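**Q** Below: one structure in structure tokens.
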Amino acid sequence: MSVDKKTKTILPGSTIGILGGGQLGRMMALEGRRMGYQFITLDPTENSPCGQVADYQFVASYDDVEQAKEMASRCDVITYEFENVSSLVAEALGKHSFVPQGSRLLFFTQHRIREKEALMELKVPVAPFHVIRSRQDLFDGLKAIGTPSILKTATGGYDGKGQIVLKKPEDAESAFQLLVQHDRELILEQFVPFEKEISVIVARRQSGEMEFFPVAENIHRNNILHQSLVPARIGQRVESEAREIGKRIAEGLQVVGLIAVEMFLTGDGRIYVNELAPRPHNSGHYTYDACVTSQFEQHLRAICNLPLGSTQLLSPVVMVNILGEHVNQVVEKIAEFPPNIKIHLYGKKGAKPKRKMGHLNVLAETTEVALQIIDQLKIWKKTEDVR
Ligand SMILES: Nc1ncnc2c1ncn2[C@@H]1O[C@H](COP(=O)(O)OP(=O)(O)O)[C@@H](O)[C@H]1O
Ligand SMILES: [Mg+2]
């Protein structure tokens, strides 16, 4: 029996299945429980961040179709919280269960080459790139793109993993050798000398209804998101252009649920799309405490076919990530935190360096003041000390 995707509304009381049990699933489940939904998650790590707050967790690998089907048989709707869930699993589940996001969006967003080509088709500006499947391609790519550039694996990369910056052509050979061990397909991208990184998160329902969260300004350290500032320090033109781009992508790819769009903004005001994420995004964590509706609630509303909530910003905010190297200090200093800091910890066991363990949302009159408050905590290096 095929499921009518157009009309199905999933009401509170129903069970939502989440493929992946990380922090994004955890926050989805926390928000969804408040709304009266139940949750089952699937993740290979026992007692995963989402498993801790869900009603039940299947302990299984992400490509375990049998366990995924077993989970789906107990759920009213299925979603995923990271894009490396096999699109084959999503497709298999879609045959008998309600998977409103489909598998097509995953197919594009889990593969950098397919993603870039889809964006080009939508006439969305991206940095010049070259597809690398052989040494000859690398040679041709370097001729076409030159350096500085970035060599990335087509699949599996996150938080700066699976990519190497090529400062000069001689860096290419060793980078190529290293990366082809992880993926036979690579992409060489021109390095965009951006002034800022920004992102926009768009929610879209089956009916085509859309809502946009305020644009975030994202500061990375070691290729990992460090802070998101909202409102972003950009003009109205850039804010609306970023939204326009988000709209074109959400419509073009027929998104149901969330799509996060990472972008580069250059000194001369040009926007290039860097990458997409078909799920809640780290740069949208600020919405949990600073918007009427969080990105997690909005995602659930969209896939459950409920009217989308208001994305109004209630206060300027800076989100700062807590990595493995910060988490002990955060816990030790928590009693001294001022009252306008909202603490999120994901319940992860191993505090490895660079691992995302939690984040703070700092609400203040301005983002400038929020940044000062963060500096006063003396947990993270100050911006001027990093540059
Ligand atoms: N073409 C590029 N030009 C300049 N900086 C880049 C480029 N690609 C990636 N970066 C930098 O590396 C970060 C991580 O790269 P990204 O492609 O977003 O991979 P990930 O999946 O790790 O987030 C980006 O946020 C940006 O700071
Ligand atoms: Mg990224």
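Under the numbering used here, think of the first position of the sequence shown as 26, with each following residue one higher.
We treat Cβ as the ideally placed atom computed from N, Cα and C, and that holds for glycine.
As the structure is a computational prediction, the values presented were derived from the model and not from experiment.
Give the residues whose C-beta lies closer than 7 Å to at least one heavy atom of ligand 2, in chain order.
**A** In chain order, the hits are GLU287, ASN299, GLU300.
**Q** Using DSSP with H/G/I as helix, E/B as strand and the rest coil, what is ILE226?
**A** Numbered from its first residue, the sequence shown carries residue 226 at position 201. ILE226: strand per DSSP, three-state reduction.
**Q** Beta-carbon within less than 8 Å of ARG160's beta-carbon, same chain only, minus the 5 sequence neighbours each way: which residues are those?
**A** The count along the sequence shown starts at 1 and reaches residue 160 at position 135. Excluding positions up to five away in sequence, the list reads PHE201.
**Q** Using DSSP bridges, identify the partner residues of GLU95.
**A** Walking along the sequence shown from the start, residue 95 turns up at place 70. The partner list for GLU95 (beta bridge, DSSP) is empty, contrary to what the question assumes.
**Q** Would you say the stretch 202-213 touches the stretch 258-267, given that touching needs at least three Cβ pairs under 8 Å?
**A** Contact fails: fewer than three Cβ-Cβ distances are below 8 Å.
**Q** Starting from LEU278 and walking both ways along the beta strand (DSSP E), at which residues does that stretch end?
**A** Stepping through the sequence shown from its first residue, residue 278 is reached at position 253. Premise fails: LEU278 is in no beta strand (DSSP E) and is neither H nor E.
**Q** Along the beta strand (DSSP E) that carries ILE41, what are the first and last residues, could you check?
**A** Counted from its first residue, the sequence shown places residue 41 at position 16. Its beta strand (DSSP E) spans residues 40-44.
**Q** Quick check on THR66: does DSSP put it in helix, strand or coil?
**A** Translated into positions along the sequence shown, residue 66 becomes position 41. It is a strand residue.
**Q** Taking only three categories from DSSP, how would you classify PHE289?
**A** As a first step, residue 289 is located in the sequence shown; it is residue number 264 there, counting from the start. PHE289 falls in the strand class under three-state DSSP.
**Q** Please identify the residue among LYS33, ARG295, SER340, GLY271 whose C-alpha is closest to the C-alpha of SER122.
**A** Within the sequence shown, numbered from 1, the residue matching residue 122 stands at position 97. Measuring from the Cα of SER122, the nearest candidate turns out to be LYS33.
**Q** Leaving aside the five residues before and after GLU300 along the sequence, list all residues of the same chain whose C-beta is less than 6 Å from its C-beta, in chain order.
**A** By one-based count along the sequence shown, residue 300 stands at place 275. The residues are GLU287.
**Q** What do you reckon, is the C-beta of GLU214 under 8 Å from a heavy atom of ligand 1?
**A** Here residue 214 is taken as the residue at index 189 of the sequence shown, counted from 1. Yes; taking the cut-off as 8 Å, the Cβ of GLU214 has a heavy atom of ligand 1 nearer than that.
**Q** Within a Cβ cutoff of 7 Å, which residues of the same chain sit near ALA389, ignoring the five residues on either side of it in sequence?
**A** Indexing the sequence shown from 1 puts residue 389 at position 364. Answer for ALA389: PRO341, ASN365, ALA395, ILE398, listed in chain order.
**Q** Round the Cβ separation of THR312 and PHE362 to the nearest angstrom and send it over; I've been treating them as touching at under 8 Å.
**A** Indexing the sequence shown from 1 puts residue 312 at position 287. Indexing the sequence shown from 1 puts residue 362 at position 337. Actually they are not in contact, since the Cβ atoms of THR312 and PHE362 sit about 21 Å apart, beyond 8 Å.
**Q** So the beta strand (DSSP E) LYS381 belongs to, where does it begin and stop?
**A** For this step, residue 381 is matched to residue 356 along the sequence shown. Where LYS381 is concerned, the enclosing beta strand (DSSP E) stretches over 381-388.
**Q** By Cβ distance below 8 Å, which residues in the same chain neighbour LEU333 in space, the five residues on each side in sequence not counted?
**A** Walking along the sequence shown from the start, residue 333 turns up at place 308. Hits under 8 Å: ALA228, ARG230, GLU234, MET235, GLU236, THR318, GLN323, ARG326, ALA327.
**Q** Check whether the stretch 101-114 and the stretch 123-142 are in contact - that is, three or more C-beta pairs closer than 8 Å.
**A** The stretch 101-114, when compared against the stretch 123-142, does touch it at the 8 Å Cβ threshold.
**Q** Can you tell me which of ARG158, SER335, LYS379, LEU402 puts its alpha carbon nearest to the alpha carbon of GLN354?
**A** Translated into the one-based positions of the sequence shown, residue 354 becomes position 329. Nearest C-alpha to GLN354: LEU402.
**Q** Work out the CA separation of ILE175 and MET26 for me, nearest whole Å.
**A** Taking the first residue of the sequence shown as 1, we reach residue 26 at position 1. Taking the first residue of the sequence shown as 1, we reach residue 175 at position 150. Interpretation of MET26 is limited by its pLDDT of 40, a score under 50 that renders its predicted location unreliable; no figure is taken from the coordinates.
**Q** Can we count GLU222 as close to ligand 1, meaning its CB is less than 8 Å from some heavy atom?
**A** The residue given as residue 222 occupies position 197 in the sequence shown. GLU222: yes, Cβ under 8 Å from ligand 1.
**Q** On a Cα-Cα basis, can you pick out the residue from LEU385, SER335, GLU242 that is closest to ILE359?
**A** Counting from 1 along the sequence shown, the entry for residue 359 is found at position 334. Comparing Cα positions, the closest option is LEU385.
**Q** For ASN365, name the three-state secondary structure that DSSP assigns.
**A** Taking the first residue of the sequence shown as position 1, residue 365 is located at position 340. Residue state, collapsed to three classes: coil.
**Q** What are the start and end residues of the beta strand (DSSP E) that includes GLN82?
**A** Within the sequence shown, numbered from 1, the residue matching residue 82 stands at position 57. Residues 81-84.
**Q** Quick check on THR291: buried or exposed, where buried means 16 or more other Cβ atoms within 10 Å of its Cβ?
**A** Numbered from its first residue, the sequence shown carries residue 291 at position 266. Classification of THR291: exposed, given that the 10 Å Cβ count is below 16.
**Q** Is the Cβ of LEU144 closer than 9 Å to any Cβ of chain D?
**A** Chain labels in this structure do not include chain D; a single protein chain is all it has.
**Q** Excluding the five sequence neighbours on either side, which residues of its own chain have a C-beta within less than 7 Å of the C-beta of THR408, listed in chain order?
**A** Locating residue 408 in the sequence shown gives position 383, where the first residue counts as 1. Excluding positions up to five away in sequence, the list is empty.
**Q** In terms of residues, what are the limits of the alpha helix (DSSP H) holding SER112?
**A** What you label residue 112 is simply residue 87 of the sequence shown in a count that begins at 1. SER112 -> alpha helix (DSSP H) spans 112-119.
**Q** Report yes if the CB atom of LYS374 is closer than 9 Å to the CB atom of LEU348, and no otherwise.
**A** By 1-based counting over the sequence shown, the position of residue 374 is 349. By 1-based counting over the sequence shown, the position of residue 348 is 323. Not a contact, by the Cβ cut-off of 9 Å.
**Q** Under 8 Å from any heavy atom of ligand 1, does the C-beta of LYS168 make it?
**A** On the sequence shown, position 143 is the one that residue 168 refers to. No, the beta carbon of LYS168 sits no closer than 8 Å to any heavy atom of ligand 1.
**Q** Which residue marks the beginning of the alpha helix (DSSP H) containing ALA420, and which one marks its end?
**A** What the structure shows of the chain is the stretch from 26 to 412, and residue 420 is not part of that stretch, so it cannot be assessed.
**Q** Tell me whether VAL217 counts as near ligand 1, meaning its Cβ is closer than 8 Å to at least one heavy atom of that ligand.
**A** Here residue 217 is taken as the residue at index 192 of the sequence shown, counted from 1. Checking every heavy atom of ligand 1 against the Cβ of VAL217, one is found closer than 8 Å.
**Q** Tell me whether GLY292 counts as near ligand 1, meaning its Cβ is closer than 8 Å to at least one heavy atom of that ligand.
**A** Residue mapping note: residue 292 aligns to position 267 of the sequence shown, counting from 1. Result no, Cβ not under 8 Å from ligand 1.
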